[in-house]
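For reference, the structure is listed below as structure tokens.
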Ligand SMILES: *Cc1c(COP(=O)(O)O)cnc(C)c1O
């Protein structure tokens, strides 16, 4: 069934070393400066990054943290989420979104997703709310905004705080209908960025994310000076003054080296984002031209604002076989995510069964992420689509 094709162009799933190489002079100089300074955790490089990040995202504050997971965890801790509380999350997301809830002794309450965007279904969200709901975490999955205005409307009516999981969506934005929704200094009037809509937004700078560090890092965005102050304490074990602890926090600090490198990379993020968008458009065009749409695959649907294509995710017939076929051809595709969270072994005690969230379960069977990064060439994209066409017997 699987044919060998020696002339096939390999398409790696990522190109992190290539991304570094393009800026290596600048990045290495910055690394040397931080190394020579002796200031390795928090400090002036972190403050400079936080200022640049807040400006880019259009929020008053950005708090640099150790990872995206810790950003979500610290945000929940700032809201004092704990045992007896419920936090509503989509069941189709990276594990961290729900893992942080459970780690605090609270209960993750899962919710189904919209079939078009893979993001939280707001009607399902409304049904999932109870008097114990302490927070809601919508995820802007794959780089596209969830229906955040609808989520906020539902949440605000009941005074439930919302934390955006914007780990995959830095730079995603839309024009808002209600400028009074937030008091943040928006970078352009009417335009709001992922992570800046709700009371807090969590970002991840894991190396594979659109803005990636050379290790782990994350941040929380907020317009609220009180939350900013709490988060700054939480990241140093809840201490305002060294060795005096107001709350129980953790070591959620960001390294100076990561902050310094991220400050440089942030200047290139808009260019990289536009390159991702151009490559996404080309994939869709190539898939359509190959006659694969809609019988065999369905390209992503964009419903809200600017999708930043952290992933370019298609729905595919016989997905597992296709993924295996592409891997044989050295095309690095991926499945995000093969098992929704309500069916994970670690959440067995929550009592869910297959069929509880059918839209998410169908997505888990059908989604396939094609390689997408700024450096991806047209030849590589053609090789990916030729591989898909070949699998479905459409190709030459
Ligand atoms: C990556 C990611 C996280 C966690 O970020 P880390 O920096 O890896 O801890 C959380 N949520 C989503 C949706 C993510 O994609």
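Residue numbers (the working numbering): 549 to 944.
Virtual Cβ for every residue (Gly too), placed ideally from N, Cα, C.
Source: prediction; values computed, not measured.
At a threshold of 7 Å, does residue i count as lining ligand 1 (C-beta to nearest heavy atom)?
i: residue 646; result: no
i: residue 610; result: no
i: residue 764; result: yes
i: residue 616; result: yes
i: residue 757; result: yes
i: residue 715; result: yes
i: residue 620; result: yes
i: residue 687; result: yes
i: residue 641; result: yes
i: residue 885; result: no
i: residue 754; result: yes
Looking at C-alpha atoms only, which residue of the options is the closest neighbour of residue i?
i: residue 686; options: 707, 664, 679 and 715; result: 715
i: residue 723; options: 585, 709, 711 and 740; result: 740
i: residue 856; options: 776, 711 and 829; result: 829
i: residue 637; options: 581, 711 and 573; result: 711
i: residue 844; options: 850, 851 and 835; result: 835
i: residue 656; options: 899, 816 and 929; result: 899
i: residue 564; options: 877, 761 and 902; result: 761
i: residue 775; options: 609, 562 and 600; result: 609
i: residue 627; options: 819, 708, 611 and 852; result: 708
i: residue 890; options: 901, 882 and 883; result: 901
i: residue 780; options: 818, 683 and 590; result: 590
i: residue 692; options: 825, 650, 683 and 623; result: 825
i: residue 919; options: 913, 792 and 927; result: 927
i: residue 808; options: 648, 875 and 598; result: 598
i: residue 771; options: 666, 575, 606 and 922; result: 606
i: residue 914; options: 862, 929 and 923; result: 862
i: residue 586; options: 634, 663, 803 and 823; result: 803
i: residue 580; options: 911, 833, 868 and 806; result: 806
i: residue 931; options: 697, 876, 778 and 759; result: 876
i: residue 738; options: 721, 690 and 750; result: 721
i: residue 625; options: 680, 649 and 669; result: 649
i: residue 785; options: 697, 798 and 701; result: 798
i: residue 833; options: 788, 793 and 934; result: 934
i: residue 700; options: 588, 759, 684 and 689; result: 684
i: residue 888; options: 864, 661 and 768; result: 661
i: residue 641; options: 612, 682, 614 and 688; result: 688
i: residue 713; options: 792, 620, 793 and 753; result: 620
i: residue 819; options: 719, 600 and 681; result: 719
i: residue 908; options: 839, 559, 817 and 885; result: 885
Who does residue i pair with in a DSSP beta bridge?
i: residue 787; result: 793
i: residue 767; result: 612 and 751
i: residue 723; result: 739
i: residue 916; result: 862
i: residue 854; result: 721
i: residue 634; result: 655 and 681
i: residue 846; result: 863
i: residue 559; result: 879
i: residue 589; result: 803
Mind pulling the alpha helix (DSSP H) runs of 4 or more residues that sit fully within the segment 641-714? Whole alpha helix (DSSP H) segments, 4+ residues: 644-651, 670-676 and 696-705.
Going residue by residue through the segment 798-842, where are the continuous alpha helix (DSSP H) segments of at least 4 residues, counting only ones entirely within it? For the segment 798-842, the continuous alpha helix (DSSP H) assignments of 4+ residues that do not extend past its boundaries occur at 804-814 and 817-837, in sequence order.
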